[in-house]
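Heads up: the sequence lines are chains A and B, in that order.
Reminder that position 88 of the first sequence reads as 87 in numbering that gives the first Met the number 0, one-by-one numbering, no gaps.
Reminder that position 145 of the second sequence reads as 144 in numbering that gives the first Met the number 0, one-by-one numbering, no gaps.
C-beta: ideal position from N, C-alpha, C; glycine also.
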Amino acid sequence: MPAQTLSVQEKINAAWSAYHLQVDEEADDPSDDEAILARRLAEEVELDAMLLRTTVRTLHDESRLDGLRASLNLPPVQRLEVPAVANPIGTEKP
Amino acid sequence: MRAASAGVLLLSSVLLGGCALFGPGRSAEVPANPELEQSRSLIEQASKNATIQTHFRAELDRARASLEQALMIWNEERGRLDEDDDEWHEMRHLNHMARQRTALIVMQARGLDAQYALNELQSERERMLLTESHKQAAARSAAANRPAIGLPKALQQLRPRQESRGLVLTLGARLFEDGKGKLVADDAVFDALLQYLVANPAVVVSCEGHTGGGLAKEGAQRLSQERARAVQDALLERGLELSRVSAVGYGNSRPLAVNGDERSNERVEIVLSESAPVEFDSVVGD
Numbered sequence: 000m001p002a003q004t005l006s007v008q009e010k011i012n013a014a015w016s017a018y019h020l021q022v023d024e025e026a027d028d029p030s031d032d033e034a035i036l037a038r039r040l041a042e043e044v045e046l047d048a049m050l051l052r053t054t055v056r057t058l059h060d061e062s063r064l065d066g067l068r069a070s071l072n073l074p075p076v077q078r079l080e081v082p083a084v085a086n087p088i089g090t091e092k093p
Numbered sequence: 000m001r002a003a004s005a006g007v008l009l010l011s012s013v014l015l016g017g018c019a020l021f022g023p024g025r026s027a028e029v030p031a032n033p034e035l036e037q038s039r040s041l042i043e044q045a046s047k048n049a050t051i052q053t054h055f056r057a058e059l060d061r062a063r064a065s066l067e068q069a070l071m072i073w074n075e076e077r078g079r080l081d082e083d084d085d086e087w088h089e090m091r092h093l094n095h096m097a098r099q100r101t102a103l104i105v106m107q108a109r110g111l112d113a114q115y116a117l118n119e120l121q122s123e124r125e126r127m128l129l130t131e132s133h134k135q136a137a138a139r140s141a142a143a144n145r146p147a148i149g150l151p152k153a154l155q156q157l158r159p160r161q162e163s164r165g166l167v168l169t170l171g172a173r174l175f176e177d178g179k180g181k182l183v184a185d186d187a188v189f190d191a192l193l194q195y196l197v198a199n200p201a202v203v204v205s206c207e208g209h210t211g212g213g214l215a216k217e218g219a220q221r222l223s224q225e226r227a228r229a230v231q232d233a234l235l236e237r238g239l240e241l242s243r244v245s246a247v248g249y250g251n252s253r254p255l256a257v258n259g260d261e262r263s264n265e266r267v268e269i270v271l272s273e274s275a276p277v278e279f280d281s282v283v284g285d
C-alpha cells in the first residue's frame, strides 16, 4: 500500500511542522490558530496510521483466507469495501 | 471563543442525536455537501454489517458523532463556506475523522471476520487431513492383513504378512523340538510351500532363524542357524533348487517382543521374494 503509506508519512511531516510552529509562536492557548492546527493534524495522523496498520493486517489475513478457500474450491468472499479517500491530508490550516 | 463554539456544537449534536444525520435536520435550502454525503453513506453501509453491529457499535457511534458535528457546521452556515473560513476547516477535519474512524471500523470488522473464517477453515482442513490419514492407515493395514493371492490354504495359518523385504511366513517354536534344531514334521505346510514355489518360479526363499533371550549368545546363534537349515532342508528334500533357498540364523538379536513372551521370539521366518537369495555357504556354513 505505497500510496496510503506515503500519505500518512506526509501527514506526519505536516503534524510535526504544525507542532513546531505552535512552539515557535508560543501558542499555548488551545484556541490559538497554531494550537488548533497542531491538534487537528495530530488527531488525524494518529487515526490514519492506525487505519493503515489495521488495513495491512486485514489484507494479509484476507489473502491467507482467500488462498485457503481456493485450495478447498470454495467461492471468494464478498466484503464491505471502503472507497479511497479523496484528500488524505485533510485540513492544512485552521 | 472557538472552544466555546465547539462545545455548543458538541452539545447540539448530542441533543439532536441522529436527526442531523438521518432525520430532517438539514434545511431544504442548504445544498448537499458531497464529502459529508459520502461519509454518511459509508456509515449507513457499515451500520448494516453484522460484525460491526456486534463488536463495533460504540466506535461507530463515535464516528457518527463526528459527522453530526461536521453537518451542524455545514447547516448552520447554510453551505456558504470556503477555504478562507475557519469553520470550513473544522468541518473538513470532523468529516475526515468520521470517515477514517468508519474505515478503521470496517477494516477491523473485516479482519475479525477473516480470523474467524481462517480458524474455522483450518480446523476443517485439519479434520479432513486427519480423516484422510486414518483412511490411508486403514487401507495399509487391510493390505498388510490381506492373505496373499495364490497362497495355498495350508500357508495361511503361518500368519503371512507383507513387508518391504517380501511376504513373510512364520513357523513358531512348536514346529521344532524343544530347545533343538530338529523340525517336527508338518508335511502339509512344506508340501503347500513347495507347490506355491513351483507355481511361482521367480520367487526365492530366505529361511531366517530366531531364538528367545534365554540362551547365551553363541547357543542362540547355533540354535537359530540349525532351525533355519532344518527348514531349508525340508524344502531341498522336496526338490527345490538350492539356488532358490537360503538359510540364516540371527540368534536372539531380532526379538519380536522385547519384554514379551520369550517363546514367541523363537521362530523361523520364511521370506518369499523375487530378489536374489542370500548365499547359503557364506551365511550358514558349518
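Pairwise C-alpha distance: residue j and residue i
{"i": "B/A246", "j": "B/I269", "result": "9 Å"}
{"i": "B/D85", "j": "A/A37", "result": "14 Å"}
{"i": "B/Q231", "j": "B/H133", "result": "40 Å"}
{"i": "B/K47", "j": "B/L59", "result": "11 Å"}
{"i": "B/A69", "j": "A/L67", "result": "43 Å"}
{"i": "B/L192", "j": "B/P151", "result": "8 Å"}
{"i": "B/I104", "j": "A/S30", "result": "30 Å"}
Cβ neighbour criterion (16 or more within 10 Å) applied to residue i
{"i": "B/S223", "result": "buried"}
{"i": "B/L174", "result": "buried"}
{"i": "B/D81", "result": "exposed"}
{"i": "A/A77", "result": "Correcting the residue type first, residue 77 of chain A is Gln in the shown sequence and not Ala. The residue in question, A/Q77, is exposed, as its Cβ has fewer than 16 Cβ neighbours within 10 Å."}
{"i": "A/H19", "result": "exposed"}
{"i": "B/A108", "result": "buried"}
Simplified DSSP state of residue i, which is helix, strand or coil
{"i": "A/A17", "result": "helix"}
{"i": "A/A2", "result": "helix"}
{"i": "B/L168", "result": "strand"}
{"i": "B/G110", "result": "helix"}
{"i": "B/A184", "result": "coil"}
{"i": "B/F175", "result": "strand"}
{"i": "B/R158", "result": "coil"}
{"i": "B/L239", "result": "coil"}
{"i": "B/L214", "result": "coil"}
{"i": "B/L150", "result": "coil"}
{"i": "A/G66", "result": "helix"}
{"i": "B/L271", "result": "strand"}
{"i": "A/E80", "result": "coil"}
{"i": "A/S52", "result": "Here the sequence assigns Arg to residue 52 of chain A, which means Ser is not the residue at that position. It is helical."}
{"i": "B/A198", "result": "helix"}
{"i": "B/S245", "result": "strand"}
{"i": "B/E207", "result": "strand"}
{"i": "B/R253", "result": "coil"}
Min CB distance residue i to chain B below 9 Å
{"i": "A/L95", "result": "No answer is possible for residue 95 of chain A: the residues shown for chain A start at 0 and end at 93."}
{"i": "A/E43", "result": "yes"}
{"i": "A/L79", "result": "yes"}
{"i": "A/T90", "result": "With a pLDDT of only 45 at A/T90, under the threshold of 50, the placement of this residue in the model should not be trusted, and no figure is reported."}
{"i": "A/E61", "result": "yes"}
{"i": "A/L46", "result": "yes"}
{"i": "A/L73", "result": "yes"}
{"i": "A/L64", "result": "yes"}
{"i": "A/P82", "result": "yes"}
Beta-carbon separation (whole angstroms), residue i vs residue j, contact threshold 8 Å
{"i": "A/A2", "j": "A/Q21", "result": "Their Cβ separation, rounded to whole angstroms, is 29 Å, which puts A/A2 and A/Q21 out of contact at 8 Å."}
{"i": "A/D60", "j": "B/A113", "result": "4 Å"}
{"i": "B/L41", "j": "B/T101", "result": "5 Å"}
{"i": "B/R253", "j": "B/L170", "result": "15 Å between Cβ atoms; not a contact."}
{"i": "B/V204", "j": "B/L214", "result": "Not a contact, Cβ separation roughly 25 Å."}
Test: residue i CB closer than 9 Å to a CB of chain E
{"i": "A/D27", "result": "The structure shown contains no chain E; its protein chains are A and B."}
Cβ of residue i within 9 Å of any chain A Cβ
{"i": "B/M71", "result": "no"}
{"i": "B/L128", "result": "no"}
{"i": "B/L41", "result": "yes"}
{"i": "B/L117", "result": "yes"}
{"i": "B/Q161", "result": "no"}
{"i": "B/T101", "result": "yes"}
{"i": "B/D186", "result": "no"}
{"i": "B/A31", "result": "no"}
{"i": "B/E123", "result": "yes"}
{"i": "B/N48", "result": "yes"}
{"i": "B/R109", "result": "yes"}
beta-carbon residue i near the ligand FAD non-hydrogen atom, thresh 8 Å
{"i": "B/R226", "result": "The model depicted lacks the ligand FAD and carries no ligand whatsoever."}
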